[in-house]
Structures are given as C-alpha cells and as structure tokens.
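Asker: Pasting a structure below so you can have a look.
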Amino acid sequence: MSKQERLRLYMQANDLSPERTVIVGDMPVETEIARNLGLINVSIVGGFVSEARLRAAGSDYIIHDHHELLPIL
852 MSKQERLRLY MQANDLSPER TVIVGDMPVE TEIARNLGLI NVSIVGGFVS EARLRAAGSD
912 YIIHDHHELL PIL
C-alpha cells in the first residue's frame, strides 16, 4: 500500500478534513500526495532534495526551519 493510500485511509477513518490537514515533508512526493488528496503542503528545505526542486514541485509553503511552521498552522 502506498504512502498516499495509507494517509487517505487514515484520514477517512479519523474523519479528517483535507482542507484543514497539513503534510510536511522534504521530498516532492509529499507535495504530490498533498495535491492528490487536497491537503496543505509545507516543504522543509535541508533534506536530500534541493530547494529548487521543492519549489518546482509547487509546494504551498517552503520553510527552512521547523520554527517557521507555527505561523503557517
């Protein structure tokens, strides 16, 4: 089962609203999952993937430090 399908089933089982759910990751795949499920996506720079690739993926937000997450939430 894919990460996207596991998340979709978890959200369904817990009655989580996609437009009020945030996914945070450091790979373009999290942006794709967010887009497919209607979630808010935050990409954090500093992982394996460059900031340019994260921007190209179309993240809703790009942050450089976890402290930047709170104002988004």
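Numbering of the sequence shown is given in this note's numbering, commencing with residue 852 and proceeding in unit increments. For each residue, glycine too, the CB sits at the ideal point set by N, CA and C.
So is Asn-892 buried or exposed if we call it buried at 16+ other beta carbons inside 10 Å?
Answerer: Answer is buried; the Cβ neighbour count reaches 16.
Asker: Which one or two residues does DSSP pair with Gly-876 in a beta bridge?
Answerer: Ser-894
Asker: Just confirm the distance between the C-beta atoms of Glu-881 and Ser-894, as a whole number of angstroms; I'd bet it's less than 8 Å.
Answerer: 7 Å
Asker: Starting from the C-beta of Val-896, find all residues in its chain whose C-beta is less than 8 Å away, skip the five residues before and the five after it, and write them out in chain order.
Answerer: Once the five neighbours on either side are set aside, the close Cβ partners of Val-896 are Asp-877, Glu-902, Leu-905, Ile-913, Ile-914 and His-915.
Asker: Report yes if the C-beta distance between Leu-888 and Arg-859 is below 7 Å; otherwise report no.
Answerer: yes
Asker: By Cβ distance, which residues of its chain are closer than 7 Å to Asp-911, with the 5 residues on each side in sequence left out?
Answerer: Excluding five sequence positions before and after Asp-911, the CB atoms of its chain that fall closer than 7 Å to its own CB belong to Ile-891, Asn-892 and Val-893, given in chain order.
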